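Undergrad: Sharing a structure below in structure tokens format, with a few things to ask.
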Amino acid sequence: MTTVYDGLPFPRTDLARAATQFARENVHAAIFNHSMRTYLYGRFLGEHRGLRPDEDYDDELLFLGCVLHDVGLGPKGNGDQRFDIDGADLAAEFLTKQGVDPERIEVVWDAVALHLYFEVASRKQPEIALVTEGAGYDLGPTGPALPPGYADRVHAVLPRLHTGAVLYDLVVEQALAKPQKAPLFSFPGELVRQKTGDAWPTWRQLMDKEPSWHDYDGYRPRTG
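For what it's worth, UniProt numbering labels the leading residue of the sequence shown as 1, then goes sequentially.
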């Protein structure tokens with residue numbers, strides 16, 4: 001069941017309401033608003049391709065993936081993994097407690113865990129792909145243009161509150177406290193590198209670091 005909330009369509013099932021409250025209580029207001037806008041933009045991008053809510057995809061599942069996709073950036077989701085994986089685990093834990101079927105939980109887990117990997121997520125089912133696409137659109141609206149005035153309506157209800165800057169700060173803050181949350185060459189790792197100015201090792205340096213299999217000993221690069 002979908003209704004209009006301050007002029008904007010959101011699923012209003014009991015589960016959607018519970019997930020909204022859970023996200024609101026567990027992430028920064030800017031991240032919560034970003035998560036809600038992610039659904040609106042994901043749904044818009046789906047409709048632009050002719051995908052109809054609750055006909056071509058499960059609208060409640062899309063909403064759950066969107067509203068929960070950044071819960072790993074809140075204190076409750078700040079574990080020892082990258083924030084996307086911690087968030088997926090926390091989302092699954094929440095949905096399990098709500099009595100959601102494992103098959104549906106798996107879709108949401110995938111949507112949250114894959115939302116930083118556009119090339120992978122975009123080839124998945126709409127309930128996964130549109131989370132990534134909607135989140136990306138909210139941070140940089142490339143692609144089809146929104147209807148005139150729609151962004152203003154969305155921002156009036158869900159103000160940006162410096163979303164991009166807050167997202168950066170939260171990812172870096174977590175990773176500086178727990179370096180394992182920002183592996184080399186990952187999205188969190190790149191944000192930390194930008195913050196600290198530290199240089200990443202080259203591939204050769206990684207391969208030569210002890211303990212090593214010494215794959216470069218005696219190696220002659222191919223030519224021609």
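Glycine included, each C-beta is placed from N, C-alpha and C at the ideal position. Given the structure is predicted, the values throughout are model-derived calculations rather than measurements.
Looking at residue 100 and residue 128, is the spacing between their C-beta atoms short of 9 Å?
TA: Cβ atoms of residue 128 and residue 100: not closer than 9 Å.
Undergrad: Nearest to residue 78 by alpha carbon, out of 60, 177, 49 and 55?
TA: For residue 78, the nearest C-alpha among the options comes from 177.
Undergrad: Taking residue 16 as the reference, give the member of 59, 45, 51 and 25 with the closest Cα.
TA: For residue 16, the nearest C-alpha among the options comes from 59.
Undergrad: Does DSSP classify residue 94 as helix, strand or coil?
TA: Note: residue 94 maps to helix in three-state DSSP.
Undergrad: Please work out which residues of its chain come closer than 8 Å, Cβ to Cβ, to residue 30, disregarding the five sequence neighbours upstream and downstream, and give them in chain order.
TA: Around residue 30: 160, 161, 162, 163, 166 and 167.
Undergrad: Sort 23, 90, 130 and 117 by Cα distance to residue 57 and report the nearest one.
TA: Of the listed residues, the one whose Cα sits closest to residue 57 is 130.
Undergrad: What did DSSP end up calling residue 51 once you bin it into helix, strand or coil?
TA: It is coil, neither helix nor strand.
Undergrad: Classify residue 4 as buried or exposed, calling it buried when 16 or more other Cβ atoms lie within 10 Å of its own Cβ.
TA: Annotation note: pLDDT 49 at residue 4 (below 50); position unreliable, no value reported.
Undergrad: In the DSSP assignment, find the beta strand (DSSP E) that holds residue 8 and state where it starts and stops.
TA: Unbroken beta strand (DSSP E) run through residue 8: 8-11.
Undergrad: Once you ignore the five residues that flank residue 71 on each side, which residues in its own chain have a CB closer than 7 Å to its CB?
TA: The residues are 23, 26, 27, 77, 87, 90 and 91.
Undergrad: Answer with buried or exposed for residue 43, where buried requires no fewer than 16 other C-beta atoms within 10 angstroms of its C-beta.
TA: Classification for residue 43: buried.
Undergrad: On a CA-only basis, which of 21, 143 and 45 is nearest residue 67? Give me that one, please.
TA: It is 21 whose Cα lies nearest to the Cα of residue 67.
Undergrad: How big is the Cα-Cα spacing for residue 98 and residue 211?
TA: So the alpha carbons of these two residues sit roughly 46 Å apart.
Undergrad: Out of curiosity, what's the CA-to-CA distance linking residue 214 and residue 223?
TA: Computed Cα separation, rounded: 21 Å.
Undergrad: Looking only at its chain, what residues have a beta carbon closer than 8 Å to the beta carbon of residue 117, apart from the 5 residues adjacent to it on each side?
TA: 132.
Undergrad: From residue 84 to residue 187, what does the alpha carbon distance come to, in whole angstroms?
TA: If I take the Cα positions, the gap works out to 10 Å.
Undergrad: Starting from residue 187 and walking both ways along the alpha helix (DSSP H), at which residues does that stretch end?
TA: Segment 187-196, the alpha helix (DSSP H) holding residue 187.
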